[in-house]
Structure formats: C-alpha cells, structure tokens
Amino acid sequence: MKKLKIANTILAGVLLSTSISIPAFAQDQENSPSSLPVSQDQFVSFSDIVKSTTSNSVTFTDGSKLVQYDNYYIATDSNGEEEIKITKVDENKVKTENLQTGEVNYIIKEVEPIQEDLNSSQQVLAAGFVYKGAVKYSTEIIYTTASAVAGVLASFIGGPFTGKVLGVLVSVGGYYLSLHAPRAYWVTKTYHKEERITDAYATLTIRQDHHYYKYHDHTSLIDTASTIQVCMPYGCGPVEEY
C-alpha cells in the first residue's frame, strides 16, 4: 500500500471527517450452476449465489443482476423487467427508485451506540492497529431479489463511487434473502494505525470490520467484510478490501 504523508497538525481533523466507503470487488469468476438455497440452516457462500461477474456487475443465480455506475447501482429482477436504482443519500439513508413505475423508497440504517467494550481482534492489534470502538447497525429488507438486497447493503458501507461491490456482501445479502429476513444486522468495529515518517508527518491507516449477524441481538455471525483506507490532509484515498 502506497504511503501518503499527512501533516500531524491536522491529523485530528481527518479522523473526525473520515468515512469508510465500498472496497474492491472480488475477482471475476466462472459461472456457477448452483441455485439460491432457501434452507434457514444452510450458509450461503459466494459460489452459491453468484452465477458470474464482470468488472462492474454481478449476475446472481436467482436471475437478477446488479450493475455499478459512478455513484449508484442498478438492480434488475430475474426477467430484466424491473430496474431499481440504488443511491446512497447519506451515512444512514439509501434511496431506491423503481425506474419503471417511478416509485421511490428511502431505506434507513438504524444506529445503536455500543456502551460495552466489545472484544477487539487480537490479530488486528498485533498488526499495530489501535481499537477505536464499535457501533451496531440494522436496516429493513424490502426487496425480494439478491441484486437489490446486495446493492442496498453495499451502499450503506459507502456506495459504489470509490470501488466495487464486495463479494462477501453479495453472499450476506443472499443469506438474508434465503431466510426471508425482515432486517439485516451488523456491527462495525474501527481500528486506526498511525505510522510516523518524521516528527511532522505520518501515515494514517483506518480499518473497519463489518460483522453481519443472523439475529437482532447481533448473535450467530454470518460473515465479516473488512475494509482498509489511507488518509491525507485533504481527504482519504480509496477503500480497499483487506
């Protein structure tokens, strides 16, 4: 990872304004013949739900497709007849628009501050990161195609404008859909690492681990999506999958 120098005097300001957005997508893969499972006891893997990918799209085994544009997604249904435009409005709100009917919905991310000190990753700490805390999130699932669910979850991580759909979010979205779950639940843990270049300059690396859960009390871990980002005085660099 290229190191970016930032002035020590404005490092605190960067910390306050930094937000994490979507990381790089998984590598393109061959078509998978498997179909979307519906068992509530079976975990949905990436190969279970993804039929094929390109550099900016995912085709799911339920027939739906998610395409990334500069600052929004287009999710189509299995027949290609319904198109949903998915756009991040702010950190806690995603707008969805049915391009055929004009119907607009706003999906809200509920935020629950965590008072207790959750366990941090010893592996991450061993790499020189400092644990900065965690926040609980949840959001309503109102769509019945894997493309739309994955697009909404990806938008809440940060939107498509600085990277690609994260493969693990595709699997997680399919898992919630197979459960007919009314909501998605996750906990985001944040870690910082400052590497001094000189007394006046440093590199600030920010890592976030997004832990997705089956239940409303954030138990029964489904999977974890991890992102990493390097900041500079006038903003932060692209977010990458860790």
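What the sequence shown shows, in numbering that gives the first Met the number 0, is residues 0 to 241, in sequence order.
Virtual Cβ for every residue (Gly too), placed ideally from N, Cα, C.
Small disclaimer: the values here were computed from a predicted structure and weren't measured.
Go ahead and label residue i buried or exposed: buried means 16 or more other beta carbons lie within 10 angstroms of its beta carbon, across all protein chains shown.
i: Q99; result: exposed
i: G234; result: exposed
i: S54; result: exposed
i: I48; result: buried
i: I196; result: exposed
i: Y214; result: exposed
i: G12; result: Note that G12 has pLDDT 35, beneath the 50 cutoff, so the model's placement of it is unreliable and the number below is only indicative. It is exposed - the Cβ of G12 has fewer than 16 other Cβ atoms within 10 Å.
i: V129; result: exposed
i: A199; result: exposed
i: S219; result: exposed
i: G101; result: exposed
i: P22; result: Model confidence at P22 stands at a pLDDT of 31, short of 50, so the residue's coordinates are unreliable; what they give is reported in the following sentence. Classification for P22: buried.
i: D40; result: Here D40 scores only 45 on pLDDT, less than 50, and its place in the model should not be relied on; the value that follows carries that caveat. It is exposed - the Cβ of D40 has fewer than 16 other Cβ atoms within 10 Å.
i: Y175; result: buried
i: V57; result: buried
i: S103; result: Note on identity: in this sequence residue 103 is Val, with Ser being the wrong assignment. That one is exposed.
i: Q67; result: buried
i: V37; result: With a pLDDT of 35 at V37, under the threshold of 50, the modelled position of this residue cannot be trusted, and the question is left open.
i: A74; result: buried
Below 8 Å on the Cβ atoms is my guess for residue i versus residue j; work out the distance and round it to an integer in Å.
i: T138; j: A183; result: 5 Å
i: Y72; j: K92; result: Their Cβ separation, rounded to whole angstroms, is 15 Å, which puts Y72 and K92 out of contact at 8 Å.
i: I140; j: P181; result: 6 Å
i: G172; j: L152; result: 5 Å
Out of the options, which has the shortest C-alpha to C-alpha gap to residue i?
i: S77; options: K84, N70, K87 and L65; result: L65
i: Y190; options: L203, L178 and A145; result: L203
i: K108; options: S63, D198, V171 and V134; result: V134
i: G79; options: K188, E90, Y68 and N97; result: N97
i: A125; options: Q207, K192, A201 and S219; result: K192
i: V186; options: Y200, D208, V229 and S46; result: D208
i: G132; options: I156, I113 and Y174; result: I113
i: I156; options: T143, Y136 and Y174; result: Y136
i: G62; options: D89, K50, S46 and N70; result: K50
i: Y142; options: H179, C230 and V57; result: H179
i: M231; options: Y174, E194, E82 and E90; result: E194
i: K118; options: E82, S225, V229 and K188; result: Before going further, note that residue 118 is Asn rather than Lys in the sequence given. Closest by alpha carbon: K188.
i: E82; options: V229, T95, T52 and N70; result: T95
Hey, would you say residue i sits closer than 8 Å to residue j, going by beta carbons?
i: I227; j: Y211; result: no
i: K84; j: S154; result: no
i: S177; j: F59; result: no
i: R206; j: V123; result: yes
i: A201; j: V169; result: no
Report yes if the C-beta of residue i is less than 7 Å from at least one heavy atom of the ligand ATP; otherwise report no.
i: V134; result: The ligand content of the structure shown is nil, which means the ligand ATP is not present either.
Does the beta carbon of residue i come closer than 8 Å to any beta carbon on chain B?
i: T189; result: The structure shown contains no chain B, having only a single protein chain.
Legend entry - Secondary structure, beta strand (DSSP E): runs of 3+ residues fully inside the segment 55-105: Entirely contained in the segment 55-105, the beta strand (DSSP E) runs reaching 3 residues are, in chain order, 56-59, 64-67, 72-75, 82-89 and 92-97.
Inset, instruction - Identify every run of the beta strand (DSSP E) within the segment 185-241, keeping only runs that are complete inside it and at least 3 residues long; order them along the chain. - result: 200-212 and 220-231
Legend entry - Runs of beta strand (DSSP E) lying entirely within the segment 111-142, each at least 3 residues, in chain order: Annotation: the segment 111-142 contains the following complete segments of the beta strand (DSSP E) (minimum length 3 residues), in chain order: 129-139.
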